[in-house]
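I have placed the structure first, in the form of C-alpha cells, so that the comments after it can refer back to it.
Residue numbers (mature numbering (1 follows the signal peptide of the UniProt record, and there is no 0)): -26 to -1, 1 to 277.
Here it is, written out as C-alpha cells:
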C-alpha cells in the first residue's frame, strides 16, 4: 500500500494522540481506575465509548463479552439484544451469527444509531496502541465448553501484542477454562451480591431475591478456595455493598496477594462512601475501582 504524505501526517497524529492518551493515567491513592463499559455520550460497549475511555484519564477500560452461536466473540453486556443493540426483534446473542451481528445497530438511550456493535477483533485493534492502559474484559455468560474460552484467550493474546489485558467472569468455570490456556495471566472472579438483583431488572422475582438475599461471605477460607480452584494470579471483583459486609476482605486478600477491584451498582458516590468506610476500618484501599463517571471527580470524593 502506498502511503501519501497526507496519510503519513494522519498516521503520525494518531500515534501522537495514542501516546498522549497512554500517558494520561489516573492518580487515585494507588488504585487503578477503569471506565465501566466505556465513557462519554456514546452507546455503552460501543467502539466509540471504548475509544473515549482509552483516550480519557483512566488507567483501563472495563467491557463485556458474549459468544455468538457460530463461535465469534462480541462486545455486549446483555444475554438478549434490544436494550443496547437493535436487531429488529430481541433475540438471544447466543443464537446469532457474525453476519447478523454486523447487520445490527447500536442504540443510545433508546435511539438507534448508525454505529454497528463491535467484535472482539475490533476491541483488540482498539486496545493495541495503548500499552499503558489495561483492558478488563468480562465473560458474561457460561461458555458451553472450555474450547471457546481458550479460543478467546488465543485471540486476545494474538491481537493485543503488548499483553495488557485480563479476563474476569462471575462464572468460575469460565476462569478455570481461561487458566488452561493462560497459566500465568491474571484472572478476576466477579462476586454477585444477590441483594442487588433489582439492578438487573426490576420485577417481582428480582425484588423477592433482593429482599431475601444475604451478603456473600468473603472470608479468608473462601479466598483460599478461589485460589485453589482458579489458580494464581487471581483476584476478586466485588460490589461496594459486599465490601461493607466483609470488613476484613481487603486485609485478608492482601495477605494472600490477591487484588480486589470494587464497583457499585448504586453509582460512584456510593462506591466512594464505601471505600472511605473501608479505609477507616482497615487503613487500606482496594487495588482498583470500576467507575461509571469521571475518574477525577471520583478521586476528588476521597480527598
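Note that CB positions come from ideal geometry on N, CA and C, so glycine has one too.
- Taking all protein chains shown into account, residue 270 has fewer than 16 neighbouring C-beta atoms within 10 Å of its C-beta and is therefore exposed.
- Classified as exposed, residue 119 has fewer than 16 neighbouring CB atoms from the shown chains inside 10 Å of its CB.
- The three-state reading of DSSP puts residue 160 in coil, since its state is none of H, G, I, E or B.
- Within the stretch 178 to 254, the runs of alpha helix (DSSP H) that reach at least 4 residues and sit entirely inside it are, in chain order, 178 to 186, 194 to 204, 214 to 219, 223 to 229.
- The alpha-carbon separation between residue 93 and residue 4 amounts to approximately 32 Å.
- One Cα belongs to residue 75, the other to residue 68, and the distance between them is close to 11 Å.
- The C-beta separation of residue 110 from residue 18 comes to about 15 Å, leaving the pair out of contact by the 8 Å criterion.
- Three or more Cβ pairs closer than 8 Å define a contact, and the stretch 203 to 220 meets that threshold against the stretch 141 to 160.
- Under DSSP, residue 82 forms a beta bridge with 85.
- Annotation for residue 20: 80, 89 place their beta carbon closer than 6 Å to its own, counting only its chain and skipping 5 residues before and after.
- C-alpha of residue 243 to C-alpha of residue 218: approximately 14 Å in a straight line.
- Within 10 angstroms of the beta-carbon of residue 191 lie fewer than 16 other beta-carbons, which makes it exposed.
- For residue 96, the enclosing alpha helix (DSSP H) begins and ends at 94 to 101.
- Distances from the alpha-carbon of residue 193 to those of 99, 234, 181, 183 put 234 closest.
- Listed in chain order, the non-local C-beta contacts of residue 188 below 8 Å within the same chain comprise 168, 169, local neighbours out to five positions each way being set aside.
- When the Cα atoms are used, residue 215 and residue 248 turn out to be separated by approximately 7 Å.
- Among the bridge pairs identified by DSSP, residue 134 is matched with none.
- One thing to note: residue 123 has its Cβ within 8 Å of the Cβ of residue 152.
- Closest in alpha carbon position to residue 62, among 86, 51, 48, 45, is 86.
- Assignment of beta-bridge partners to residue 262 by DSSP yields 6, 235.
- In this structure, DSSP gives residue 112 an extended state, which the three-state scheme calls strand.
- In the displayed model, residue 32 falls within coil according to three-state DSSP, outside both helix and strand.
- Residue 39 sits in a strand when the DSSP states are folded into three classes.
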